[in-house]
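What follows is a set of notes on a single structure, which appears directly below.
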Amino acid sequence: MTELIEDVSRSHIQNLFDLGGIRVNGEQCQVKKYKASEGDVIEVSVPDPVKLAIEAEDIPLDVVYEDEDILIVNKPRGMVVHPAVGNLNGTLVNAIMYHCGDRLSSINGVVRPGIVHRIDKDTSGLLMVAKNDKAHVSLSKQLYKHTITRKYIALVQDNIKQDEGVVDMPIGRDPKNRLKKAVNGANPKNAVTHYRVIERFGEYTLIECQLETGRTHQIRVHMAYIKHPLVGDPLYGSKKQIFNVDGQLLHAGTIGFIHPSTGDYMEFTVDIPEEFQQVLEQLRKE
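Heads up: the sequence shown is residues -16 to 269, going by the working numbering.
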């Protein structure tokens, strides 16, 4: 039955069974693995979502650049970008709401005010924030047209023999794990990652990845696909964490775009965080 209902997770549908929200041919369905037959009339009652109360919090922000239209921040590892059920506090959104007040775009609603794009919790680095709707529309269009420069630094497993390369493989939902994405997964979308080697450490390689597209987990999925998963990646990499790092070693180091008001090209770069740097220093000593 889960294949018949789009945009709703398998676990959510199972919860609807428990709440009596699934009816087949007028009667409440008690069988979670019910196999629909031709002619069945299936009614799904989805309760209204609970409105999240997002509060501004005085959380320090590493502001790289700010003007009346945009805010560029350097997000630390371990910080979630926007709130969700069970994780309403301590996010980047809580922090920027305090920093900007009501000077944020409203296009993405109350949960993601000003958020044009995001990076994973354990990925550090640069994010653009729109302080008004005009800026949000401009930056979103640039993302859609793939004209924004986005370069990441990553440490991957094993030695990449070639100095540079391109992974051009579509990414969709992993049919076996809703938390993961997969090459040629369900409802795949075009995804292109360019990479080049920065430094080699024998069993590990430091690379720069430039995104042509921006799919969820794109670099993590693509590098795992070519047998070079990111060090520390809990979803796509090795379960053995020899460097005692919490999450993938991936850093959004450079971002460039056309300013929404001036039309000038702007580019910003920030160094990798200390934890990442310590791993590299350890490898260089060895």
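Heads up, the beta-carbon is just placed ideally off N, CA and C, and yes, glycines get one too.
If you're wondering where the values come from, they're calculated on a predicted model, not measured in any experiment.
Rounded distance between the beta-carbons of residue j and residue i, thought under 8 Å
i: R161; j: S107; result: With a Cβ gap of about 25 Å, R161 and S107 do not count as contacting.
i: D141; j: H211; result: 6 Å
i: I79; j: V139; result: Rounded, the Cβ-Cβ distance is 31 Å, inconsistent with contact.
i: V112; j: I90; result: Contact doesn't hold; Cβ gap of about 12 Å is too wide.
i: L109; j: V253; result: 6 Å
i: D41; j: Y81; result: 5 Å
Buried or exposed by the 16-neighbour rule on C-beta atoms within 10 Å, applied to residue i
i: H65; result: buried
i: K334; result: Lying outside -16 to 269, the shown extent of the chain, residue 334 is not represented and no answer is given.
i: P158; result: exposed
i: I102; result: buried
i: K134; result: buried
i: N8; result: exposed
i: D52; result: buried
i: P43; result: exposed
i: V262; result: buried
i: K58; result: buried
i: R203; result: buried
i: G246; result: exposed
i: V56; result: buried
i: Q260; result: exposed
i: V19; result: Sequence check: residue 19 is Ala here, not Val. The residue is exposed, with fewer than 16 neighbouring Cβ atoms inside 10 Å.
i: E(-14); result: Only weak support is given to the placement of E(-14): the predicted model assigns it a pLDDT of 48, under 50, and the question is left unresolved by the model.
Identity of the residues DSSP links to residue i by a beta bridge
i: A169; result: R156
i: T245; result: DSSP output for T245 lists no bridge partner at all.
i: H234; result: S107 and I136
i: K58; result: G108
i: H177; result: V149 and Q193
i: V27; result: I5
i: N227; result: In the DSSP output, where bridge partners are listed per residue, N227 has none listed.
i: V46; result: V56
i: Y219; result: Answer by DSSP bridge pairing: none, since Y219 is not bridged.
i: F240; result: M249
i: A67; result: N70
i: Q11; result: R6
i: T199; result: Answer is none; T199 lacks a bridge partner.
i: Y187; result: Q140
i: L213; result: V139
Short Cβ contact (7 Å threshold) for residue i with residue j
i: Q201; j: G215; result: no
i: A174; j: P153; result: yes
i: K104; j: V63; result: yes
i: I131; j: F226; result: no
i: I255; j: I136; result: yes
i: K114; j: R86; result: yes
i: F251; j: V47; result: yes
i: S88; j: D116; result: yes
i: C192; j: Y208; result: no
i: T176; j: H205; result: yes
i: D151; j: V180; result: no
i: F184; j: L54; result: no
i: Y243; j: A118; result: Reading off the sequence, residue 243 comes out as Pro, not Tyr. Yes. Within cutoff.
*Every unbroken alpha helix (DSSP H) inside the region 87 to 167 [4 residues or more]*: Fully contained in the region 87 to 167 are the following alpha helix (DSSP H) runs of length 4 or more, in chain order: 116 to 127.
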